[in-house]
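> For what it's worth, this note's numbering labels the leading residue of the sequence shown as 169, then goes sequentially.
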Amino acid sequence: MISIDAKPDAQSADMTLPGGCAVCGGDLVVRVAPGSSRGYCGTCRSLTRPAVRVVKGQLQVAHPMVGSA
Ligand SMILES: [Zn+2]
């Protein structure tokens with residue numbers, strides 16, 4: 169279940185996406201602020217810049233590819 173921590177007058181909101189890490193499948197903590205979003209996985213310690221948007225009432229989180237090996 170997604171938990172969201174946001175105050176009405178806050179400039180950012182934090183949410184935890186269970187299994188949301190694209191690297192290891194761990195829980196991803198995402199902080200969304202106007203114009204930016206950042207993600208952190210406490211399991212593998214990955215830092216990401218997920219694209220977060222609401223489409224038809226559903227939250228969508230995308231992890232754009234930034235590189236490959
Ligand atoms: Zn991870």
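Positions of the beta carbon are idealized from the N, C-alpha and C atoms, including for glycine.
If you check the beta carbons only, do Gly187 and Cys209 fall under 8 Å apart?
Here residue 187 is taken as the residue at index 19 of the sequence shown, counted from 1. Here residue 209 is taken as the residue at index 41 of the sequence shown, counted from 1. Result no, Cβ atoms of Gly187 and Cys209 do not sit closer than 8 Å.
> Can you find the residues in the same chain that come closer than 6 Å, C-beta to C-beta, to Ser180, ignoring five residues on each side of it along the sequence?
The residue you call residue 180 lines up with position 12 of the sequence shown. Contacts found: Arg199 and Ala201.
> Span of the beta strand (DSSP E) holding Ser205?
Sequence index remark: in the sequence shown, residue 205 carries index 37 (1-based). Unbroken beta strand (DSSP E) run through Ser205: Ser204 to Cys209.
> Tell me, to the nearest whole angstrom, how far the beta carbon of Arg206 is from that of Arg213; I am working on the premise that it is less than 8 Å.
By 1-based counting over the sequence shown, the position of residue 206 is 38. By 1-based counting over the sequence shown, the position of residue 213 is 45. No, Arg206 and Arg213 are not in contact; Cβ-Cβ is about 13 Å, not under 8 Å.
> Kindly provide the chain-ordered list of residues whose Cβ lies closer than 6 Å to any non-hydrogen atom of ligand 1.
Going by the Cβ distance cut-off, the answer is Cys189, Val191, Cys192, Gly194, Cys209, Thr211, Cys212 and Ser214.
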